[in-house]
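Chemist: The structure that follows is given in the form of structure tokens.
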Amino acid sequence: MKEFEIYVHIPFCQQKCGYCDFLSFAGREEMQEQYVRALKAEIEAVAPERGISYSDHTSVVTSVFFGGGTPSVIKAEYLVQILETLREKFLFAPDAEISLEANPGTVDMEKLSLYRKAGFNRLSFGCQSTFDEQLKQLGRIHTYKQFLKEYKAARRVGFTNINVDLMSGLPGQTTEEWITSLKRIADLGAEHISAYSLILEEGTPFFERQDSLKLPGEEEERQMYESTCEVLNTYGYEQYEISNYAKPGCRCRHNVGYWVRENYLGLGLGAASLMEERRFSNTADMKKYLECSSRPDQIRENLQILTTADCREEYMILGLRMRKGISEDEFYRTFGQTLDEVYGSVLEKYVKLEMLVRKDGRLFLSRRGISVSNVILADFLD
Amino acid sequence: MGSYDQSKIRNFCIIAHIDHGKSTLADRIIEKTGLLTEREMQSQVLDNMDLERERGITIKAQAVRTVYKAEDGEEYILNMIDTPGHVDFNYEVSRSLAACDGAILVVDASQGIEAQTLANVYLALDHDLDVFPVINKIDLPSADPDRVTAEIEDVIGIEAKGAPQVSAKTGLNVEQVLEEIVHKIPAPKGNKEHPLQALIFDSVYDAYRGVIISCRVMEGSVKRGTRVRMMATGAVEEVVEVGYFGAGQLIPCEELCAGMVGYITASIKNVRDTRVGDTVTDDDDPCAKPLPGYKKVNPMVYCGMYPADGAQYQDLRDALEKLQLNDASLFYEPETSAALGFGFRCGFLGLLHLEIIQERLEREYNLDLVTTAPSVIYKIHKTDGTCMDLTNPSNLPDPSEIDYMEEPVVKAEIMVTTEFIGSIMELAQQRRGQYQGMEYMETTRAMLHYHLPLNEIIYDFFDALKSRSRGYASFDYELLGYEKSELVKLDILVNKEEVDALSFIVFAGSAYERGRKMCEKLKDEIPRQLFEIPIQAAVGSKVIARETVRALRKDVLAKCYGGDISRKKKLLEKQKEGKKRMRQVGNVEIPQKAFMSVLKLDEN
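Chains A and B supply the protein sequences, listed in that same order. Residue numbers 19 to 400, in my numbering, belong to the letters of the first sequence in order. Residue numbers 64 to 667, in my numbering, belong to the letters of the second sequence in order.
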């Protein structure tokens with residue numbers, strides 16, 4: 019039986035945040051109904067597609083992730099409908115992880131309750147900071163108090179697996195404030211915390227006005243990063259990826275799938291897929307998507323058929339994002355060569371610099387290595 | 064023109080400062096004599112190379128023959144020989160002049176005489192050429208022909224009243240110039256019956272015909288079948304074809320006789336056999352002695368040239384070989400550098416020559432090059448009594464073996480308007496110039512005479528001169544000889560490892576300053592890496608300057624999920640590409656352009 023994951027993209031937000039470069043539109047309520055219809059059409063069209071093994075009911079969906087945008091901005095019934103359609107067309111594993119991203123400013127007890135009943139079993143709150151000033155500057159639509167209220171509501175309706183996103187390196191943020199935010203969320207007992215440093219992505223308002231942003235200096239930013247791990251460890255969280263921390267047994271299975279190169283099918287506007295060593299993505303053109311979503315071949319773009327070398331590259335640069343890194347054995351089984359045969363000089367160089375660690379049959383980045391991982395990962399490209 | 068009438072031939076060249084309109088005037092002359100229709104005219108017919116056209120300078124000598132029907136009703140053959148316009152090619156200029164009987168001096172009606180013009184005029188007068196002036200660009204609003212006329216008479220001492228006042232651009236009064244050529248430039252002399260004696264003023268390699276020799280026949284004649292001998296190199300070949308120069312094409316003819324300018328082909332494989340200035344004679348009936356003035360030109364400036372991609376080494380070798388076919392003054396030999404791998408030590412006539420070769424290698428041969436700092440030739444007198452020529456700083460013997468060192472010194476003439484004299488003198492002093500005197504050309508301009516070490520002027524002296532005089536100063540120099548000097552080798556250590564390609568020889572008194580600037584520059588050029596990198600400048604074992612490239616602390620992609628993977632991979636690929644363009648020295652990656660940073664130390 020083949021396993022795969024499903025990603026569903028909901029490209030709507032109440033308001034775009036200043037740092038966000040994800041594909042999303044602010045305030046297009048009239049379009050949402052149309053979009054949901056198109057999305058359902060895509061699901062129905064994709065499901066029986068011939069020659070793709072996931073359609074023959076020998077493939078099983080191990081996780082579903084509704085991301086955006088802000089999935090929670092659209093009517094709860096829409097999300098329920100989409101999930102129902104998925105269940106009709108695909109075989110779900112009994113313990114499938116079904117995640118939903120939610121903005122605290124767009125949910126209430128009623129919505130959350132509907133999500134839970136429909137089968138969503140993991141909630142990911144975009145909280146970002148526990149300081150309202152910082153939230154305001156980021157362009158978030160909620161306050162910390164609002165977040166607290168909805169977090170508690172989520173618990174009440176039965177969510178037992180909750181992630182909270184936080185961001186470090188924000189304009190004007192001090193290390194102390196960052197630690198306070200971490201502690202507040204950890205005290206709440208969230209199962210999972212994603213702690214991202216702010217990255218200025220080209221084309222975002224933040225990128226445009228970065229000179230006036232008063233961003234923390236490099237040293238301060240690094241301190242924030244260092245303290246994240248220390249603080250969260252004391253609360254029983256384990257760092258399992260560059261930006262992700264979880265209580266035992268609470269890693270996000272869907273996201274881990276990306277880093278170990280599971281097959282995943284992206285549905286919706288601009289959604290990316292990896293199926294049978296082919297990468298492709300749906301059109302990012304809303305008009306085209308709405309018109310053509312029932313004919314998947316017309317909306318899929320950027321098809322890239324991965325060679326063995328491509329797969330090996332990805333295996334390394336994705337696998338090394340995780341703290342446990344990669345297994346030397348598995349590498350050999352997958353690619354028929356040992357790590358040393360392929361990457362001998364690179365390994366030697368970075369192990370010597372104590373950026374990479376080889377231990378118990380595994381290769382992984384050291385803490386210092388993580389901070390400068392781009393430099394190291396680039397050397398694993400052909 | 065089947066008949067041969069020496070009295071109807073005029074061999075001349077045009078002397079001008081860069082931008083004073085030499086090539087434009089040449090174009091107009093060709094156009095007016097009907098050799099080309101306007102449609103066929105590509106601007107600057109004589110400047111053949113793309114590079115020449117782009118830079119607006121002449122790199123190689125060129126010649127063209129036109130026929131002009133003068134006002135006296137007679138037809139005259141005009142052979143116009145274009146001369147290179149830069150001090151690097153002074154010797155070529157002198158040979159081109161030697162092939163002429165007269166010269167037109169073109170002076171810009173608003174700029175007046177420049178140092179280089181003056182140098183070339185003196186060169187022409189030394190060759191006993193009749194020089195007559197033409198005042199160009201009189202169409203410009205700033206033109207002041209009267210002032211310039213007076214200047215020519217005062218400074219050069221040749222009659223300038225009544226000189227044609229033209230606009231080569233618009234064609235105004237160009238006929239006057241043609242008439243002056245006929246009347247003021249003497250017909251060539253020489254006897255067709257004497258043994259052959261022809262001066263080579265240029266030679267180019269052609270893949271089909273072999274070397275094409277441009278020459279001026281002084282005595283005798285040459286035709287197909289003549290066994291010619293190059294008197295200096297000794298090469299002997301049978302002539303395949305002779306002819307003269309059409310515009311952009313070679314037109315064969317029966318024979319070339321005394322007084323004529325034309326070309327000879329003889330299946331010669333290499334321009335090294337047909338050096339500019341050599342004399343061509345008939346091997347069966349040789350002339351008594353060669354024409355005077357031949358010398359083998361030697362490179363003055365050396366640098367290392369390395370392929371940015373080591374795999375292009377062979378391509379670079381092939382390209383240099385091909386360029387050398389056409390450029391006898393280009394020198395190269397293989398060398399290796401610990402930092403840059405396999406490459407070549409190349410010798411050039413000067414920095415412009417270096418730049419031209421570099422540009423041609425990059426453009427015409429598609430090579431990506433790393434060039435090390437240019438160096439002059441130092442004479443190292445060793446304690447054992449021997450003397451070596453040092454062209455690569457890395458080869459400097461241990462100081463204990465050195466008795467003393469000498470460096471080349473040039474005699475420089477700088478022409479400048481009086482308001483800038485102070486700042487130019489200051490510059491010359493900074494560059495260790497020895498003041499030799501000053502003359503006023505007129506009330507507003509002066510000529511400064513200096514002796515300057517060549518290594519002080521090869522990098523950026525010209526630019527510094529221009530920027531300190533708002534572009535007005537002009538400059539000319541010739542090699543004077545060698546002088547004893549306090550010189551040291553400045554080494555650069557990156558992460559405690561000496562980078563051979565960054566070493567250079569410097570005057571001891573400037574070592575500290577140069578070392579400090581070099582470290583500062585490299586600090587900016589070398590990107591931060593995973594560890595701290597000390598950059599040190601050292602003379603011998605003594606460190607005289609230090610900078611530190613701080614370690615990279617943070618370079619990480621916070622997010623990488625399903626939709627990001629392809630994009631993030633591209634980001635890493637870009638990073639990888641950046642690394643490829645760097646040189647690995649020990650554990651440190653040094654960008655290619657850092658190796659050339661020594662050239663730009665004086666930029667602010």
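Note that the Cβ used here is the ideal one computed from N, Cα and C, for glycine as well.
#1: Given that K642 (chain B) touches chain A, what residues does it touch there, using C-beta distances under 7 Å?
#2: What are the boundary residues of the alpha helix (DSSP H) that includes K342 (chain A)?
#3: Across which residues does DSSP place H210 (chain A) in a beta bridge pair?
#4: Verify whether the separation of the beta carbon atoms of K200 (chain B) and T212 (chain B) is less than 8 Å.
#5: Hey, could you find the ends of the alpha helix (DSSP H) I521 (chain B) is sitting in?
#6: Does any C-beta atom of chain A lie closer than 8 Å to the C-beta of Y185 (chain B)?
#7: Could you tell me the boundaries of the alpha helix (DSSP H) in which F353 (chain A) lies?
#8: Tell me which residues share the same chain as E346 (chain A) and place their Cβ nearer than 6 Å to its Cβ, disregarding the 5 neighbours each side in the sequence.
#9: When the Cα atoms are used, what is the spatial distance from G448 (chain B) to E464 (chain B)?
#10: Is the beta carbon of D151 (chain B) sitting closer than 8 Å to the one on H416 (chain B)?
#11: Identify every run of the alpha helix (DSSP H) within the segment 510-555 of chain B, keeping only runs that are complete inside it and at least 4 residues long; order them along the chain.
#12: List the whole-angstrom C-beta distance separating C623 (chain B) from R140 (chain A), where the pair is believed to meet the contact cut-off of C-beta under 8 Å.
#13: Interface residues of chain A around Q647 (chain B) at Cβ under 8 Å?
#14: Please list, in chain order, the chain A residues whose beta carbon lies closer than 9 Å to that of I28 (chain B).
#15: Taking the alpha carbon of H214 (chain A) as the reference point, which residue from A:N281, A:C38, A:M334, A:L374 has its own alpha carbon closest?
#16: So is P204 (chain B) buried or exposed if we call it buried at 16+ other beta carbons inside 10 Å?
#17: Where does Q52 (chain A) land, buried or exposed, given buried means 16+ other C-beta within 10 angstroms?
#18: Helix or strand or just coil, what does DSSP make of M373 (chain A)?
#19: Beta carbon of S70 (chain B), beta carbon of A250 (chain B): below 8 Å?
#20: Using a Cβ cut-off of 8 Å (strictly closer), state whether Q152 (chain A) contacts chain B.
#21: Shortest alpha-carbon distance to S147 (chain A) belongs to which of A:D183, A:K232, A:L321?
#22: Short of 8 Å Cβ to Cβ, which residues in the segment 249-267 of chain A face chain C?
#23: Which chain B residues sit within Cβ distance under 8 Å of V399 (chain A)?
#24: By the DSSP assignment, the alpha helix (DSSP H) with D150 (chain A) in it spans what residues?
#25: Note down, in chain order, each residue of its chain lying with its Cβ closer than 8 Å to the Cβ of L399 (chain A), except the 5 sequence neighbours on either side.
#26: Closer than 8 Å, CB to CB, is E21 (chain A) near chain B or not?
#27: Could you list which residues in chain B have their beta carbon closer than 7 Å to that of M373 (chain A), in chain order?
#28: Give me the Cα-Cα distance between V360 (chain B) and Y361 (chain A), rounded to the nearest whole angstrom.
#29: Just to make sure I have the definition right: I need the residues of chain B whose C-beta is within less than 8 Å of the C-beta of V390 (chain A). Which are they?
#30: Using a Cβ-Cβ distance cut-off of 8 Å, determine whether Q322 (chain A) contacts chain B.
#31: Please work out which residues of its chain come closer than 6 Å, Cβ to Cβ, to S230 (chain B), disregarding the five sequence neighbours upstream and downstream, and give them in chain order.
#32: Please say whether F224 (chain A) and G36 (chain A) have beta carbons closer to each other than 8 Å?
#33: Measuring alpha carbon to alpha carbon, tell me which of B:N389, B:V364, B:D523 ends up nearest T454 (chain B).
#34: Can you have a look at L321 (chain A) and say buried or exposed, based on whether 16 or more other CB atoms are within 10 angstroms of its CB?
#35: Does I596 (chain B) have its Cβ less than 8 Å from a Cβ in chain A?
#36: Counting only beta-carbon separations shorter than 8 Å, does K559 (chain B) have a partner in chain A?
Modeler: Result, derived from the coordinates:
#1: Residue numbering aside, residue 642 (chain B) sits at position 579 when the second sequence is read from its first letter. Here the neighbours are A396.
#2: For the purposes of this step, residue 342 (chain A) is identified with residue 324 of the first sequence, where counting begins at 1. Neither: K342 (chain A) is in no alpha helix (DSSP H) and is coded neither H nor E.
#3: As a working mapping, residue 210 (chain A) is identified with position 192 in the first sequence. BP columns for H210 (chain A) point to A:N181, A:A264.
#4: By one-based count along the second sequence, residue 200 (chain B) stands at place 137. By one-based count along the second sequence, residue 212 (chain B) stands at place 149. No, they are not a contact pair.
#5: Here residue 521 (chain B) is taken as the residue at index 458 of the second sequence, counted from 1. Per DSSP, I521 (chain B) belongs to no alpha helix (DSSP H) and is neither H nor E.
#6: Taking the second sequence and counting its residues from 1, one reaches residue 185 (chain B) at position 122. Not one beta carbon of chain A lies nearer than 8 Å to the beta carbon of Y185 (chain B).
#7: Here residue 353 (chain A) refers to the residue found at position 335 when the first sequence is read from its first residue. Secondary structure note for F353 (chain A): its alpha helix (DSSP H) is the uninterrupted segment 346-353.
#8: Numbered from its first residue, the first sequence carries residue 346 (chain A) at position 328. Once the five neighbours on either side are set aside, the close Cβ partners of E346 (chain A) are L357, G379.
#9: By 1-based counting over the second sequence, the position of residue 448 (chain B) is 385. By 1-based counting over the second sequence, the position of residue 464 (chain B) is 401. Counting only the Cα atoms, E464 (chain B) lies some 10 Å from G448 (chain B).
#10: Working through the second sequence from its first residue, we reach residue 151 (chain B) at position 88. Working through the second sequence from its first residue, we reach residue 416 (chain B) at position 353. Contact: yes.
#11: Contiguous alpha helix (DSSP H) elements confined to the segment 510-555 of chain B occur at 517-520, 524-531, taking only those with 4 or more residues.
#12: For the purposes of this step, residue 623 (chain B) is taken as the residue at position 560 of the second sequence. For the purposes of this step, residue 140 (chain A) is taken as the residue at position 122 of the first sequence. The Cβ separation is near 20 Å, so there is no contact.
#13: Counting from one through the second sequence, the residue named residue 647 (chain B) turns up at place 584. Those do not exist, as Q647 (chain B) stays about 10 Å from chain A at its closest Cβ, beyond 8 Å.
#14: Nothing about residue 28 (chain B) can be read from this structure; chain B reaches only from 64 to 667.
#15: The count along the first sequence starts at 1 and reaches residue 214 (chain A) at position 196. Note that residue 214 (chain A) corresponds to Tyr in the displayed sequence, not to His. Looking at the Cα atoms, A:C38 is the closest of the given residues.
#16: Locating residue 204 (chain B) in the second sequence gives position 141, counting from the first residue. P204 (chain B) is classed as exposed because its beta carbon has fewer than 16 other beta carbons within 10 Å across all chains shown.
#17: For this step, residue 52 (chain A) is matched to residue 34 along the first sequence. Its Cβ having fewer than 16 others within 10 Å, Q52 (chain A) is exposed.
#18: Counting from one through the first sequence, the residue named residue 373 (chain A) turns up at place 355. Three-state result, M373 (chain A): coil.
#19: If you number the second sequence from 1, residue 70 (chain B) lands on position 7. If you number the second sequence from 1, residue 250 (chain B) lands on position 187. Cβ atoms of S70 (chain B) and A250 (chain B): closer than 8 Å.
#20: Residue 152 (chain A) sits at position 134 when you count from the first residue of the first sequence. Q152 (chain A) is outside the set of residues whose beta carbon lies under 8 Å from a beta carbon in chain B.
#21: Translated into positions along the first sequence, residue 147 (chain A) becomes position 129. It is A:D183 whose Cα lies nearest to the Cα of S147 (chain A).
#22: Looking at the structure shown, chain C is missing, and the protein chains on hand are A and B.
#23: To locate residue 399 (chain A), count along the first sequence from 1; it is residue 381. In the sequence on display, residue 399 (chain A) carries Leu and not Val. Ordered by position in chain B, the residues that pass the 8 Å Cβ test against L399 (chain A) are K632, L635, E636, K639.
#24: To locate residue 150 (chain A), count along the first sequence from 1; it is residue 132. 150-156 is the extent of the alpha helix (DSSP H) around D150 (chain A).
#25: Position 381 of the first sequence, counting from 1, holds the residue named residue 399 (chain A). Setting aside the 5 residues that flank it on each side, L399 (chain A) is surrounded in the same chain by E331, I335, each with a C-beta closer than 8 Å to its C-beta; the list follows chain order.
#26: Taking the first residue of the first sequence as 1, we reach residue 21 (chain A) at position 3. Output row for E21 (chain A): interface = no.
#27: Position 355 of the first sequence, counted from the start, is the residue given in the question as residue 373 (chain A). What M373 (chain A) touches in chain B: L593.
#28: Taking the first residue of the second sequence as 1, we reach residue 360 (chain B) at position 297. Taking the first residue of the first sequence as 1, we reach residue 361 (chain A) at position 343. Going by the C-alpha atoms only, they are around 52 Å apart.
#29: Position 372 of the first sequence holds residue 390 (chain A). Contact of V390 (chain A) with chain B by beta-carbon distance below 8 Å involves L593, L615, R616, K617, D618, V619.
#30: On the first sequence, residue 322 (chain A) is found 304 positions in, with the first residue counted as 1. The C-beta of Q322 (chain A) comes closer than 8 Å to at least one C-beta of chain B.
#31: Locating residue 230 (chain B) in the second sequence gives position 167, where the first residue counts as 1. These residues qualify, in order along the chain: I201, D202.
#32: For this step, residue 36 (chain A) is matched to residue 18 along the first sequence. For this step, residue 224 (chain A) is matched to residue 206 along the first sequence. In this structure, F224 (chain A) lies closer than 8 Å to G36 (chain A) by Cβ.
#33: For the purposes of this step, residue 454 (chain B) is taken as residue 391 along the second sequence, with counting starting at 1. The residue with the shortest Cα to Cα distance from T454 (chain B) is B:V364.
#34: As a first step, residue 321 (chain A) is located in the first sequence; it is residue number 303 there, counting from the start. Counting Cβ neighbours within 10 Å, L321 (chain A) comes out exposed, since fewer than 16 surround it.
#35: For the purposes of this step, residue 596 (chain B) is taken as residue 533 along the second sequence, with counting starting at 1. Closer than 8 Å: no.
#36: For this step, residue 559 (chain B) is matched to residue 496 along the second sequence. No - not a single Cβ of chain A is within 8 Å of the one on K559 (chain B).
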